[in-house]
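First up is the structure itself, then whatever we jot down about it.
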Amino acid sequence: MSWTLVIHGGCGAMRPANLSPEVEERSRAGLDNALDAGRAILAEGGSAIDAVEAAARVLEDDPCFNAGRGSVLTADGHVELDAAIMDGRDRNAGAVAGLRTTRSPIRAARAAMERSPHILLTYDQADVFAREQGLEQVDNDYFITPERKAQLDKVLAAGGNFDADIKYG
Amino acid sequence: TIGAVAADSQGHVAAATSTGGLTAKRWGRVGDSPLIGAGTYADDRACAVSATGLGEAFIRAVGGHQLAMRMLLSGESLQAALDAVLADVGALGGTGGLIAVAPSGEAAWGFTTPGMYRAMASGNGERHVAVYD
Chain A
319 MSWTLVIHGG CGAMRPANLS PEVEERSRAG LDNALDAGRA ILAEGGSAID
369 AVEAAARVLE DDPCFNAGRG SVLTADGHVE LDAAIMDGRD RNAGAVAGLR
419 TTRSPIRAAR AAMERSPHIL LTYDQADVFA REQGLEQVDN DYFITPERKA
469 QLDKVLAAGG NFDADIKYG
Chain B
2 TIGAVAADSQ GHVAAATSTG GLTAKRWGRV GDSPLIGAGT YADDRACAVS
52 ATGLGEAFIR AVGGHQLAMR MLLSGESLQA ALDAVLADVG ALGGTGGLIA
102 VAPSGEAAWG FTTPGMYRAM ASGNGERHVA VYD
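Just so you know, the sequences run in chain order A and B.
The number in the working numbering is simply the position in the first sequence, starting from 1, with 318 added.
The number in the working numbering is simply the position in the second sequence, starting from 1, with 1 added.
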C-alpha cells in the first residue's frame with residue numbers, strides 16, 4: 319500500500335490586495351518544506367501520526383501562515399494558539415486552545431493525547447502542561463510579525479468587527 | 002490555519018490542525034480547529050480530515066465528523082462527502098476548505114473561497130502545490 323500526504327495553509331480571498339507575488343512564492347516554498355518533512359517519514363514506512371505532526375510543525379514555524387509564528391493577533395494584541403491532532407488507528411486525540419507561550423502547539427496537542435488522560439487543554443494551564451512536558455516555551459512576541467500587527471491595526475481601526483472584507487485569519 | 006492529513010503504508014490515517022484563529026478575536030474565542038470532529042478528525046474506518054475557514058460554521062456542521070460519517074454510514078465517496086460538507090457549511094453561512102485522505106491513500110480537497118494554500122505528495126510520485134483553482 320502506498321502512502322499519501324495532503325496539507326493546507328489556510329484559505330481566503332488572497333488576491334489581489336492581500337497577497338503579493340513574493341508572499342505567494344514564500345508560501346509555496348513553505349508548503350514544499352512541509353511536504354518534505356512528512357514525506358521523509360512516510361517514505362521510510364513511518365506512521366501517519368508522525369507525518370502530520372512533522373508537516374504541521376514546519377508550517378507553524380513558517381511566518382507565512384496563520385499558525386505558530388505568523389499567527390493573527392487578538393484584540394488585545396496577543397497571539398493565542400489552538401491545535402489538535404487525531405490518530406485514526408484508535409481515534410485517540412489531543413487538543414489545546416489559547417496557548418500563548420508554547421512554540422509548537424501541535425506538539426502540545428500530541429502531548430495531551432499521549433501523556434494526559436484528557437482531550438482538550440486550555441489557556442494558561444495548557445501552557446503549564448506543555449512546559450511540564452518539556453516543550454519549548456517562548457515569549458508571546460516570538461509569534462508576532464509586523465504584517466499581522468498591521469492587520470490587527472486595520473481591523474481595529476474599522477471597528478474591530480469581523481467584516482468579511484477585512485477579516486484575516 | 003494550517004493542517005495535514007496522511008495515510009501511511011500500513012493503511013492508517015491521521016490528522017493535525019493548528020491555528021492562530023481570527024484577527025481581533027476576543028472573549029477567549031475558540032474556533033473549530035481544536036474541537037475534535039469539527040476542524041480535525043481521523044478514523045481508520047473512513048478518513049482523516051482537516052478544515053480551514055469560518056470556524057463557527059464548521060463547528061455547527063461538525064464538519065470533520067460529518068465527512069467521515071457520510072463515508073462510513075452512507076457509503077459516499079471521499080470527494081462527494083467532502084463536497085457535501087462544504088455545501089452544508091455554506092448553507093450555514095460559512096466558507097472555507099477541507100483536505101481529506103482515506104486509508105487507501107485516496108486524497109481529496111475542496112474550498113469555497115477564492116484560494117486555498119494546499120499541497121499533496123504520495124508514494125506513487127505525485128506532488129502538487131497550488132493556491133487557486
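Glycine included, C-beta positions come from ideal geometry on N, C-alpha and C.
Computed from a predicted structure; not experimentally measured.
Three-state secondary structure (DSSP) of residue i
i              : result
G38 (chain B)  : coil
N351 (chain A) : helix
R428 (chain A) : helix
S75 (chain B)  : helix
F383 (chain A) : coil
Y133 (chain B) : coil
I325 (chain A) : strand
Q455 (chain A) : strand
R421 (chain A) : coil
D9 (chain B)   : coil
M319 (chain A) : coil
I60 (chain B)  : helix
G32 (chain B)  : coil
R119 (chain B) : strand
Of the residues the options, the one placed nearest residue i, counting alpha carbons only
i              : options                           : result
Y460 (chain A) : A:S345, A:G395, A:A355 and A:I325 : A:G395
L474 (chain A) : A:V390, A:D379 and A:F383         : A:V390
L377 (chain A) : B:G54, B:G4 and B:V50             : B:G4
A122 (chain B) : A:R344, A:G328, A:A347 and A:G356 : A:G356
A69 (chain B)  : B:L83, B:S34 and B:L23            : B:L83
A347 (chain A) : A:Q451, A:A427, A:G363 and A:H326 : A:H326
Q11 (chain B)  : B:V31, B:W110, B:S105 and B:E127  : B:S105
H66 (chain B)  : B:A92, B:T96 and B:S34            : B:S34
S19 (chain B)  : A:V414, A:R449 and A:V446         : A:V414
C48 (chain B)  : B:K26, B:G91 and B:A16            : B:A16
G328 (chain A) : B:L79, B:T96, B:E127 and B:R128   : B:T96
L36 (chain B)  : B:I60, B:L23 and B:V132           : B:I60
R428 (chain A) : A:A411, A:A361 and A:N351         : A:A411
Closer than 9 Å at the beta carbon, the chain A residues around residue i
i             : result
H13 (chain B) : S365, A366, I367, D405, G406 and R407
D44 (chain B) : M404, G406 and R409
Status (buried if at least 16 other CB within 10 Å, exposed otherwise) for residue i
i              : result
L74 (chain B)  : exposed
Y118 (chain B) : buried
D134 (chain B) : exposed
K467 (chain A) : exposed
S365 (chain A) : buried
R387 (chain A) : buried
Q443 (chain A) : exposed
P435 (chain A) : exposed
S78 (chain B)  : exposed
K26 (chain B)  : buried
S345 (chain A) : buried
W28 (chain B)  : exposed
E432 (chain A) : exposed
CB contact below 9 Å: residue i versus chain A
i              : result
D134 (chain B) : no
D89 (chain B)  : no
R27 (chain B)  : yes
A61 (chain B)  : Per the sequence shown, residue 61 (chain B) should be read as Arg rather than Ala. No, R61 (chain B) lies away from the interface with chain A (no Cβ there is under 9 Å from its Cβ).
G40 (chain B)  : yes
G124 (chain B) : yes
G64 (chain B)  : no
A49 (chain B)  : yes
Min CB distance residue i to chain B below 9 Å
i              : result
A402 (chain A) : yes
G452 (chain A) : no
Y460 (chain A) : no
S320 (chain A) : yes
F383 (chain A) : yes
P492 (chain A) : In the structure as shown, chain A begins at 319 and stops at 487. Residue 492 (chain A) is therefore absent and cannot be evaluated.
E490 (chain A) : No answer is possible for residue 490 (chain A): it lies beyond the span of chain A, which begins at 319 and ends at 487.
T420 (chain A) : no
R466 (chain A) : yes
R357 (chain A) : yes
Q469 (chain A) : yes
Where residue i meets chain A, residues with beta-carbon distance less than 7 Å
i              : result
R71 (chain B)  : What R71 (chain B) touches in chain A: nothing, since even the nearest Cβ is about 16 Å away.
V86 (chain B)  : Within 7 Å Cβ-Cβ: nothing; V86 (chain B) doesn't reach chain A, min ~14 Å.
G111 (chain B) : Within 7 Å Cβ-Cβ: nothing; G111 (chain B) doesn't reach chain A, min ~10 Å.
CB contact check: residue i to chain D, cutoff 9 Å
i              : result
V414 (chain A) : This model lacks chain D altogether, as its protein chains are A and B.
Under 9 Å from the C-beta of residue i: neighbouring residues of chain B
i              : result
R346 (chain A) : Y118, A120, V130, A131 and V132
E378 (chain A) : I3 and S19
E371 (chain A) : A5, A15 and A17
Contact set between residue i and chain B, taken where Cβ atoms lie within less than 8 Å
i              : result
S389 (chain A) : T20, G21 and G22
A429 (chain A) : Neighbours of A429 (chain A) on chain B: none; closest Cβ ~13 Å, over 8 Å.
Closer than 8 Å at the beta carbon, the chain A residues around residue i
i             : result
S10 (chain B) : M319, S320, W321, L360 and G363
Proximal chain B residues relative to residue i, where beta-carbon distance stays under 7 Å
i              : result
H396 (chain A) : Per Cβ cutoff of 7 Å: no residues; H396 (chain A) is ~10 Å from chain B at best.
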